[in-house]
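Beneath this line is the structure, given in structure tokens, with notes to follow.
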Amino acid sequence: MLDTLEKQPILEVRELRKSYGKVKAVDGISFSVREGSCFGILGPNGAGKTTAIEVIETIHKPDSGQILYRGRAVERGFKERIGIQFQDTSLQEFLTVRETLGLFSRLYPDPRPMDEIIAACSLEEFIDRDNRKLSGGQRQRMLLGIALVNDPDLLFLDEPTTGLDPHARRNFWKLIEGIKARGKTVILTTHYMDEAEYLCDEVIVMDHGRIIESGKPRELLLKHFGEAVIRLPGAAIPAGTSFSCPSEAAEGFVALRCDDVDASLRELVAKGVELGGISVERRNLDDLFLKLTGYGLE
Amino acid sequence: MKRFWAVFVARNLEFFRDRSTLVWNIALPVLLIFGFAFAFPGGGGTSYKIGTVGPAPIALSAGDVPFLHYEHLQFLGYGEMATPLDRLAHHQLDMVIDYAKREYYVNSSSSNGYVLERMLGPVAEQGGGGGQAAYSKKTVSGSPIRYVDWFVPGLIGINILFGSLSGVGFVIVRYRRNGVLKRFKATPLSAFEFVSSQVLSRFFIIVVMSGAVFLGTDLFLHFRMVGSWALLFLVNVLSILCMISLGLVFSSRIRSEEVAGGLMNLITWPMMIFSGVFFSLEGTPAVMRAASRIFPITYYIEASRAIMLDGAGLAAVSLDMLVMAGMTVGFAAVAAALFKWE
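Going down the list, the sequences are from chains A and B.
Those letters in the first sequence? Residues 0 to 297, per numbering that gives the first Met the number 0, in order.
Those letters in the second sequence? Residues 0 to 341, per numbering that gives the first Met the number 0, in order.
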């Protein structure tokens, strides 16, 4: 664990800024990404997530700030070491999926064998189909395959599951897990909090171009909400009862924010609280964002 | 080279698999050629064209037969006799008059020449009045050049023009708008590799398409081809590169296909009208002839017509070729300076 922590980050971003006219799309963000981790950039539409990663990808030039890849400023060969899946991408038309992969493979000096990419992204069933005739999930898998043709160390995925149905999203998550299992680093932007909680080891939350919170998803939720929220009808609580964890009363219910669910439940029983209408809820990153900004993510 | 080749092949596949575009690219010029061949089986225009050398004497425009003022006669002045006589031999002129030597020439197989001779007759025989010497008749011979023979170099030029502007210019604008360029930018592919692959791909496509159209229609219409095929090919190569470079200039930054379409019309329509594609610039106002010199297609049409119809050699068309080469370098330099992926 200590080794991992002390290892040089694969990517460091320092005081990155990018403006379009008077709009500060990225306003002085700094973070570092551990090799082999999945790093999430969260935030609502317009938060600056896409601009931030496209500046890091060297698609756009920053106004100021530093981007270090393995401790060194990004240079000419950086594009050969990274893979990118843009939020919106068009491809040359009238090509099959295989031809499209072949086209992008030949743009890199040392591409990964195509059979491996086909297997890694589950492209077998539509590999010889026209790339315009794919479903949303198939298209995203093909675009992931394109991002992997050079076997990149660092993979940027910009809202890769937006618009996919729940089943396709779950399938896509499995593919990303497979990439992580190979020791690759993934930087993922999303506004799906369940996706971030499921896939990301660390996240930053952006709003109006700035980072408003960062850390491991679980630790952030513990920090802001505790382990869980126990809700029970106010009528079930004997008058004058107080609790060891913070509580809030609203609309006839009382919410207890507790760090240890077992201990809290024992305390409720001991104090004669009726548990018939009880519910135990875990707060998620949506709740965290609402708390931090005062508005939701969608 | 591997990257260049990958994009080159992909672009060619994209073009040749797009059936509707492919069919239209072949069908339109073929239809135009056959259409003009059917509509204008002869020499084209309906007015009488008379080449003249030297200043016109007053006698021909006065007196009982004011020849110079007849309607539907178009007088074209030349500095020396060789050019108008050559055009007369090919039925591109109906009569040539040398005022100084008091001679007139007609083509013995030209019906228009016969009619003109009857109109000029009384003046020629009497010297136009005032006791001047009569005009003596001379004849030349030669088969007529059909309008389609004259028109086909212009049509191939238009085909090259549209193929270049839409095939490179328009396609790059579309790639920029829909994000294809952005996706390529995220790879090690350089702007030079991308642009050169597009240029060479389109060059290959235009050579194949124009060659197919020309040779295919030639099987039925047997175009007049007096000069060197190799020289004609060279002129075509230069012209394609020149037009593609022009296409690159206007595609270097534009993001909107609507803007690109408008700009393309702004470029192509004046070129079609003022560069001598459909009618000869001879006899047009000097301003129009001067304006035509800014269009690259003018030089292509001049050179290819000279090769095909008159059998011109390298020396005769070298100026046209030099201008096209210079324009190619100039357009390419401007495009390289302006080009942006996004």
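Beta carbons: idealized from backbone N, C-alpha and C, even for Gly.
Checklist entry - Given a threshold of 16 other Cβ atoms within 10 Å of its Cβ, counted over all protein chains shown, does tryptophan 149 of chain B qualify as buried or as exposed? => result buried
Item to check | 8 Å Cβ cutoff, alanine 259 of chain B in contact with chain A | outcome: no
Next on the checklist: With the cut-off set at 8 Å, would you say leucine 90 of chain A and asparagine 149 of chain A are in Cβ contact?
Outcome noted: no
Item to check | the ligand NAP heavy atom lying under 7 Å from the CB of alanine 46 of chain A | outcome: The ligand NAP is not part of this structure, which contains no ligands at all.
Next on the checklist: Quick check: what's the CA-CA separation for valine 179 of chain B versus threonine 88 of chain A?
Outcome noted: 7 Å
Checklist entry - By the criterion of Cβ-Cβ separation under 8 Å, what are the contact partners of glutamate 273 of chain A in chain B? => result Ordered by position in chain B, no residue passes the 8 Å Cβ test against glutamate 273 of chain A, which lies about 59 Å from the chain.
Item to check | Three-state secondary structure assigned by DSSP to threonine 292 of chain A | outcome: helix
Checklist entry - Taking the alpha carbon of valine 253 of chain A as the point to measure from, which residue in A:Pro232, A:Ile116, A:Glu124 has its own alpha carbon closest? => result A:Pro232
Next on the checklist: Rounded to the nearest angstrom, what separates phenylalanine 278 of chain B and leucine 337 of chain B at their Cα positions?
Outcome noted: 36 Å
Item to check | First and last residue of the uninterrupted alpha helix (DSSP H) at leucine 160 of chain B | outcome: 146-163
Next on the checklist: Using only CA atoms, which one of A:Thr292, A:Leu284, A:Leu133 lies nearest to glycine 39 of chain A?
Outcome noted: A:Leu284
Item to check | serine 29 of chain A - containing beta strand (DSSP E), residue span | outcome: 22-32
Checklist entry - Taking the beta strand (DSSP E) that asparagine 106 of chain B falls in, what are its first and last residues? => result 102-106
Checklist entry - In this structure, what does DSSP give as the bridge partners for cysteine 257 of chain A? => result A:Ala227
Item to check | Identity of the residues DSSP links to threonine 161 of chain A by a beta bridge | outcome: DSSP, once it has assigned bridges, lists no residue as partnering threonine 161 of chain A.
Checklist entry - What residues match up with proline 232 of chain A in a beta bridge as DSSP calls it? => result A:Phe252
Next on the checklist: So for valine 268 of chain A, helix, strand or coil by DSSP?
Outcome noted: helix
Next on the checklist: For a cutoff of 8 Å on Cβ pairs, would you count arginine 230 of chain A as touching chain B?
Outcome noted: no
Checklist entry - For aspartate 206 of chain A, which three-state DSSP category applies? => result strand
Checklist entry - Between leucine 15 of chain A and the rest of its own chain, which residues show a CB-CB distance below 8 Å, the 5 nearest in sequence each way excluded? => result Val25, Gly27, Ile28, Ser29, Ala51, Val54, Ile55, Pro61, Ser63, Gly64, Gln65, Ile66
Checklist entry - In terms of residue numbering, what span does the alpha helix (DSSP H) encompassing glutamate 53 of chain A cover? => result 48-55
Checklist entry - Are any of the Cβ atoms in chain A nearer than 8 Å to that of alanine 331 of chain B? => result no
Checklist entry - Quick one: which chain A residues come within Cβ less than 8 Å of lysine 184 of chain B? => result Ile58
Next on the checklist: Quick check: cysteine 37 of chain A and cysteine 199 of chain A, are their CB atoms within less than 8 Å of each other?
Outcome noted: yes
Item to check | Three-state secondary structure assigned by DSSP to phenylalanine 14 of chain B | outcome: helix
Item to check | Closest Cα partner of leucine 160 of chain B within the set B:Ile204, B:Leu119, B:Lys181, B:Arg176 | outcome: B:Ile204
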